[in-house]
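One structure below.
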Amino acid sequence: MFASIILLWICVVFLILQLKSRRPKNFPPGPPILPILGNILHISLENPLKDFERLRKSYGNVYSLYMGPRPAVVINGIEAMKAAIVTKAHDFAGRPQDLFVNDTTQRKGVILADYGTSWKEHRRFALMTLRNFGMGKNSMEDRIHGEIKYIEKTLEKSKGKAFSPQLMFHNAASNIICQVLFGTRFEYDDNFIKVIVGCFTENAKIANGPWAMLYDSFPMIRSLPLPFMKAFKNVETCQKLATSLLSEHKKTRVPGEPRDFVDCYLDELDKRGEDPSSFSEAQLKMYALDLHFAGTDTTSNTLLTGFLYLSTYPQIQERCQQEIDLVLEGKDEATFDDRHKMPFVQAMVHEVQRVANTVPLSVFHCTTRDTELMGYSIPKGTLIIPNLTSLLNEEGQWKFPHEFNPENFLNDKGEFVKPEAFMPFSAGPRMCLGESLARMELFLIMVTLLRKFKFSWPEDAGKPDYTPVYGVTLTPQPYNMMVQLRATQ
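Here the sequence shown stands for residues 150 to 638, numbered as in my numbering.
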């Protein structure tokens, strides 16, 4: 009798789950859905990018997957992507609030915040503050050039021998954003930098790894002592460091005379007085960490990708150096405006961003209301996965979609052009806050280093492996490069 009741309950639960997992009417097509598991067996938890491309070939540019019982829509290709995140930007501008990354960050910050008043206030504040601190102006160029001098010293010590640039580029990118946020830079062996970069790197891997996907798909496992718990400890560690920096700031700041982003935020809190709205010190800590992570990991991984290709494509490196030498002749240092006179270098920097594909699945969105896309009905609250990889390799959008070639960004006259499928920073209201800073960093760092140094692949290193390591951001495999001062120096 007892066994019969148990069996009956199992059948009832099975039927409920079957009904629950059925695709709604006119929902995008996709692979068959398994009870409880959804489509978790259709994609690799280690790296789903190839599976997303395979499913795209079977089901089209807009298809659906079930992450456990939860429906998600994957958007591919320039036409569908523009229709969603540009044309219907507000319908697709939400952020899911019950995923692993939201739980680790306690739903604070700006990148993962839901599409509402708090997010709008904080995004507006960030854009205005970053602009006031010289985003796109000389003061920001000065900060970048100041950090480049430390990169140059590191490279000079390594000239004539094989050198791994990974830590150097992570620390340099971290320091540039640290100066904007906290008004200070840290030596490359400083404990603050080591801990922050280490925590961010590890969390980036966990967040797009198998354990985070299981966390998102099966809520019942979230309190278990599984490997994803390490990410919560890492965030706690970073928050303690941010708390200590904030305490120092409060002791030394002069209200109304901001030195950096944190001072500006504290001034804003003072202005708001008794009614701070969504602004708070707790929000500031996660906000600063948010911007630091976004400004460090993406830029450093793009630079790592760039020098991997430049050291293994000597003809492209030499052509860049010829153009740099010509344009900068008689000048002490490059300016961001010099990019307009360097079409091939501009093309190379953009091609590096394209092949780096640093944030392959953007940051997940969700729909803010019932909407339609390419003829399909998508209910409010549906998880949206923008597959930026599909744009950056899309046939018909690029002359050479599957190889590293700056000609992808040059027209028949050798002029720089930017195809509309180039969206490494995404688009619409959720477009990357730090695009201007990242573009300036990439150009100035690459131009300055190519002007002074020659980079080559070590003879005993074997064939280069261009396959990236998958995570929230794609990271090149660890590698060494040879560094030499150029003969013109």
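Built from N, CA and C at the ideal position, the CB exists for glycine as well. The structure displayed is predicted, hence computed values, not measured ones.
- Query: Taking the C-alpha atoms as reference points, what is the distance between H319 and R172?
  - Reply: Here residue 319 refers to the residue found at position 170 when the sequence shown is read from its first residue. Here residue 172 refers to the residue found at position 23 when the sequence shown is read from its first residue. Going by the C-alpha atoms only, they are around 43 Å apart.
- Message: Measuring straight from C-alpha to C-alpha, what distance separates F410 and P181?
- Response: The sequence position of residue 410 within the sequence shown is 261, counting from 1. The sequence position of residue 181 within the sequence shown is 32, counting from 1. C-alpha separation (whole angstroms): 49 Å.
- DSSP three-state call for K306: helix, strand or coil? Residue mapping note: residue 306 aligns to position 157 of the sequence shown, counting from 1. Looking at K306 - three-state DSSP - the assignment turns out to be helix.
- Query: Does the beta-carbon distance from F381 to F604 come in below 7 Å?
  - Reply: Stepping through the sequence shown from its first residue, residue 381 is reached at position 232. Stepping through the sequence shown from its first residue, residue 604 is reached at position 455. At the C-beta level, F381 and F604 stay beyond 7 Å of one another.
- What number of angstroms, rounded off, separates the C-alpha of G285 from the C-alpha of L532? The residue you call residue 285 lines up with position 136 of the sequence shown. The residue you call residue 532 lines up with position 383 of the sequence shown. Reliability fails at G285, whose pLDDT of 48 lies under 50, so the model's placement of it is uncertain and no value is given.
- Buried or exposed: H398, going by 16 or more other Cβ atoms within 10 Å of its Cβ? Position 249 of the sequence shown, counted from the start, is the residue given in the question as residue 398. Here H398 is buried: its Cβ has 16 or more other Cβ atoms, across all protein chains shown, within 10 Å.
- Item | Touch test, the segment 466-477 against the segment 427-443, Cβ-Cβ under 8 Å, three pairs minimum | Result no; under three Cβ-Cβ pairs closer than 8 Å.
- Query: What separation, rounded to the nearest whole angstrom, lies between the Cα atoms of M362 and A242?
  - Reply: Here residue 362 refers to the residue found at position 213 when the sequence shown is read from its first residue. Here residue 242 refers to the residue found at position 93 when the sequence shown is read from its first residue. Answer to the nearest angstrom: the Cα atoms are 22 Å apart.
- Query: Measuring CB to CB, does F565 end up less than 7 Å from V504?
  - Reply: Within the sequence shown, numbered from 1, the residue matching residue 565 stands at position 416. Within the sequence shown, numbered from 1, the residue matching residue 504 stands at position 355. The Cβ-Cβ distance between F565 and V504 does not fall below 7 Å.
- Query: So what's H551 in DSSP terms, helix, strand or just coil?
  - Reply: Taking the sequence shown and counting its residues from 1, the one referred to as residue 551 is at position 402. Here H551 carries a coil assignment [DSSP, helix/strand/coil].
- Item | First and last residue of the uninterrupted alpha helix (DSSP H) at K231 | In the sequence shown, residue 231 corresponds to position 82, counting from 1. According to the DSSP assignment, K231 belongs to the alpha helix (DSSP H) that extends over I227 to K231.
- Pair within 7 Å by beta-carbon distance, N653 and T624: There is no way to answer for residue 653, as the model of the chain reaches only from 150 to 638.
- Alpha carbon of S396 to alpha carbon of F428, nearest angstrom: Along the sequence shown, read from residue 1 onward, the residue named residue 396 stands at position 247. Along the sequence shown, read from residue 1 onward, the residue named residue 428 stands at position 279. Straight-line Cα distance between these residues: approximately 17 Å.
- Bridge partners of Y215, per DSSP? Translated into positions along the sequence shown, residue 215 becomes position 66. Paired residues: P220.
- If you drop the 5 nearest sequence neighbours on each side, which residues of the same chain put their C-beta closer than 7 Å to that of T447? Numbered from its first residue, the sequence shown carries residue 447 at position 298. These residues qualify, in order along the chain: T507, V508, A587 and T622.
- Distance CB(V223)-CB(G577) smaller than 7 Å: Stepping through the sequence shown from its first residue, residue 223 is reached at position 74. Stepping through the sequence shown from its first residue, residue 577 is reached at position 428. No, the Cβ-Cβ distance between V223 and G577 is not below 7 Å.
- Which residue comes first and which comes last in the alpha helix (DSSP H) that contains T520? In the sequence shown, residue 520 corresponds to position 371, counting from 1. It is not in any alpha helix (DSSP H) - T520 instead sits in the beta strand (DSSP E) that spans T520 to L522.
- Locate the alpha helix (DSSP H) running through P463, then write down its first and last residues. As a working note, residue 463 is residue 314 in the sequence shown. Counting along the chain, the alpha helix (DSSP H) containing P463 begins and ends at P463 to L477.
- Message: With the cut-off set at 7 Å, would you say M589 and F493 are in Cβ contact?
- Response: Walking along the sequence shown from the start, residue 589 turns up at place 440. Walking along the sequence shown from the start, residue 493 turns up at place 344. Contact: no.
- Query: Mind checking K626: buried by the 16 CB within 10 Å criterion, or exposed?
  - Reply: What you label residue 626 is simply residue 477 of the sequence shown in a count that begins at 1. In the sequence as presented, Lys is not what sits at residue 626; that position holds Gln. So Q626 counts as exposed.
- Task: Give the straight-line distance between the Cα atoms of T350 and T253, rounded to the nearest whole angstrom.
- Result: Locating residue 350 in the sequence shown gives position 201, counting from the first residue. Locating residue 253 in the sequence shown gives position 104, counting from the first residue. T350 and T253: Cα-Cα distance of roughly 14 Å.
- Query: Can the beta-carbon of D240 be found closer than 7 Å to that of T520?
  - Reply: Residue mapping note: residue 240 aligns to position 91 of the sequence shown, counting from 1. Residue mapping note: residue 520 aligns to position 371 of the sequence shown, counting from 1. Yes.
- Message: Quick check on R292: buried or exposed, where buried means 16 or more other Cβ atoms within 10 Å of its Cβ?
- Response: Sequence index remark: in the sequence shown, residue 292 carries index 143 (1-based). So R292 counts as buried.
- Item | Cβ separation of M631 and A311, assumed to be a contact under 8 Å, to the nearest whole Å | Start at 1 with the first residue of the sequence shown, and residue 631 comes out as number 482. Start at 1 with the first residue of the sequence shown, and residue 311 comes out as number 162. Indeed, because the Cβ distance is near 6 Å, the residues count as touching under 8 Å.
- Cα separation between P384 and I345? As a working note, residue 384 is residue 235 in the sequence shown. As a working note, residue 345 is residue 196 in the sequence shown. Going by the sequence as given, residue 384 is Val instead of Pro. Straight across, the Cα-Cα distance linking V384 with I345 is about 9 Å.
- Message: Helix, strand or coil for E544? Go by DSSP, reduced to three states.
- Response: On the sequence shown, position 395 is the one that residue 544 refers to. In the three-state reduction of the DSSP assignment, E544 falls in the strand class.
- Tell me where the alpha helix (DSSP H) around I345 begins and ends. Counting from one through the sequence shown, the residue named residue 345 turns up at place 196. From DSSP, the alpha helix (DSSP H) with I345 extends over N340 to A356.
- Euclidean distance between Cα positions of P178 and S193: Here residue 178 refers to the residue found at position 29 when the sequence shown is read from its first residue. Here residue 193 refers to the residue found at position 44 when the sequence shown is read from its first residue. Roughly 19 Å separates the two Cα atoms.
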